[in-house]
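Shown next, in structure tokens, is the structure this report addresses.
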Amino acid sequence: MKKFLNAIFIIVPLYFIPMGCAYNKSPSSDLLVDNQQIATPINPETARSDCDTLVITCIDYRFAAANQDFINEKLGLKDNYDHISIPGSIYNLVNPETRDLLFSKFALSVKLHLINRVIIITHKDCGAYGGSASFGSEIAENETLCADLRKAKALLIEKYPTLEVTLFLESLALEGNEIKVHFEKIL
Ligand SMILES: [Zn+2]
Numbered sequence: 148m149k150k151f152l153n154a155i156f157i158i159v160p161l162y163f164i165p166m167g168c169a170y171n172k173s174p175s176s177d178l179l180v181d182n183q184q185i186a187t188p189i190n191p192e193t194a195r196s197d198c199d200t201l202v203i204t205c206i207d208y209r210f211a212a213a214n215q216d217f218i219n220e221k222l223g224l225k226d227n228y229d230h231i232s233i234p235g236s237i238y239n240l241v242n243p244e245t246r247d248l249l250f251s252k253f254a255l256s257v258k259l260h261l262i263n264r265v266i267i268i269t270h271k272d273c274g275a276y277g278g279s280a281s282f283g284s285e286i287a288e289n290e291t292l293c294a295d296l297r298k299a300k301a302l303l304i305e306k307y308p309t310l311e312v313t314l315f316l317e318s319l320a321l322e323g324n325e326i327k328v329h330f331e332k333i334l
């Protein structure tokens, strides 16, 4: 009996050691390998108290890189804009149910950074609208999105009369073998 108990005392700890190791094993491929710190330099000019532009876009990943390039390089706003990225972009401003939420974030941007210009970018085939198919036709989609852009502009100017609001509608287009993002200014 004593021999049997001794065997249990030896076998039981041996059984738990590998389990403990397996439990403590850290994930092998992390975004931050070995928890190293990553530092990115910023433009010294951003060390000021305000920017003057707020950009509102949809979250859609297909347009993210093109949006950054368009805002930074084509509009020349690099390091000089706040950015609200929200599913549907203006859909949330036009929709009375979510309008207050977007206005509250907008008010914070105006208060903190003295915003006097807003650039709204919305896009075709937006999931918040149910995609292109939900409109029935390309013309209907275009008309709805342009009408929503203009309504969003009117709502913003109604609340902040001195605001300058610029509107863009973007879409994906196949050019040769490349898919490109087209930006159209909406008046
Ligand atoms: Zn979208």
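Here the numbering used here is used: the first residue of the sequence shown is 148, the next is one more, and so on.
Note that beta-carbon positions come from the ideal geometry of N, C-alpha and C, so glycine has one too.
- Look at T309 here: in three-state DSSP terms it is coil, with no helix or strand label.
- In the three-state reduction of the DSSP assignment, A186 falls in the coil class.
- Counting only unbroken stretches of 3 or more residues, the beta strand (DSSP E) elements lying wholly within the segment 268-330 are 311-322, in sequence order.
- Taking N263 as reference, the option from A275, C273 and Y228 with the minimal CA-CA separation is Y228.
- Assignment of beta-bridge partners to S232 by DSSP yields T204.
- Inter-residue distance for H230 and D295 is about 19 Å (C-alpha atoms, whole angstroms).
- Under DSSP, V265 shares a beta bridge with L201 and V312.
- The alpha carbon of K306 has as its nearest neighbour, out of Q215, A254 and T269, the alpha carbon of A254.
- Taking 7 Å as the cut-off, one finds at least one heavy atom of ligand 1 near enough to the beta carbon of C205.
- Distances taken from the Cβ of H230 to the heavy atoms of ligand 1 include none shorter than 7 Å.
- In the three-state reduction of the DSSP assignment, I333 falls in the strand class.
- Cα atoms of K327 and V241: separation of roughly 28 Å, rounded to the nearest angstrom.
- In this structure, L334 lies away from S256, with their beta-carbon atoms at least 8 Å apart.
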